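S.K.: Residue numbers (my numbering): 20 to 200.
#1: Tell me, to the nearest whole angstrom, how far the beta carbon of residue 38 is from that of residue 102; I am working on the premise that it is less than 8 Å.
#2: What's the gap between the Cα of residue 274 and the Cα of residue 121?
#3: Any chance the region 157-169 sits against the region 121-134, with 3 or more Cβ pairs inside 8 Å?
#4: Can you grab the Cα-Cα spacing for the pair residue 83 / residue 167, in whole Å?
#5: Going by beta carbon distance, what residues of the same chain come within less than 6 Å of residue 106, once the five residues before and after it are set aside?
#6: Which residues bound the beta strand (DSSP E) around residue 32?
#7: In terms of DSSP beta bridges, what is residue 88 paired with?
#8: Where do the N-terminal and C-terminal ends of the beta strand (DSSP E) with residue 48 fall, by residue?
#9: Can you tell which of 97, 51, 155 has the C-alpha that lies nearest to the C-alpha of residue 23?
#10: From this set, 87, 32, 182, which residue's C-alpha is nearest residue 94's C-alpha?
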């Protein structure tokens, strides 16, 4: 989902995908960018790989909700990939590069799987691992759903309101000269 550029690792993902062992797997690439032609060239001859171009709205939501996993093979530090949050909320298990802020969102073996940037064989192994371990998928999805709540704006707003209410109640009970500035 998003930009198809060298530093996003889409070419790495395509090479990794071609190294997976399950012939029934499908790779859906959604997005546009300067690397799209080289990605299509890499995928040539593999009818398991489909390119969608730019997606939004219902198609974007449908692709995420119907995916078994979402792979973010970033080569360059990515501070806060929104697509990880989308996956946590919608169900696909996340496989992502251990780079930038991603390891703060994805805890390896807890709510997703982490691989070293550019490591095609580890990405392929992670995809195959998920495919062969339904128990692991169930565990990762449950933990990811819990993590999604931490990134939900309603969660943060509720905690902020609670903090202000406690501060206001506590502040009213103190003598005027001891109140918080």
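The C-beta atom is built at its ideal place from N, Cα and C for all residues, glycine as well. Small disclaimer: the values here were computed from a predicted structure and weren't measured.
M.R.: If we stick to the structure as given:
#1: Position 19 of the chain shown, counted from the first residue, corresponds to residue 38. Position 83 of the chain shown, counted from the first residue, corresponds to residue 102. Not quite, the Cβ-Cβ distance comes to about 23 Å (not below 8 Å), so this is no contact.
#2: What is shown of the chain runs 20 to 200, which leaves residue 274 out entirely.
#3: yes
#4: Position 64 of the chain shown, counted from the start, is the residue given in the question as residue 83. Position 148 of the chain shown, counted from the start, is the residue given in the question as residue 167. When rounded, the distance between both Cα atoms is 15 Å.
#5: Translated into the one-based positions of the chain shown, residue 106 becomes position 87. Only 89, 113 meet the Cβ criterion.
#6: Indexing the chain shown from 1 puts residue 32 at position 13. Taken as a continuous stretch (DSSP letters only), residue 32 belongs to no beta strand (DSSP E), being part of the alpha helix (DSSP H) at 29-37.
#7: For this step, residue 88 is matched to residue 69 along the chain shown. DSSP lists 112 as partners of residue 88.
#8: The residue labelled residue 48 in the question sits at position 29 within the chain shown. Start and end: 46-49.
#9: Residue mapping note: residue 23 aligns to position 4 of the chain shown, counting from 1. Answer by Cα proximity: 51.
#10: On the chain shown, residue 94 is found 75 positions in, with the first residue counted as 1. Measuring from the Cα of residue 94, the nearest candidate turns out to be 32.
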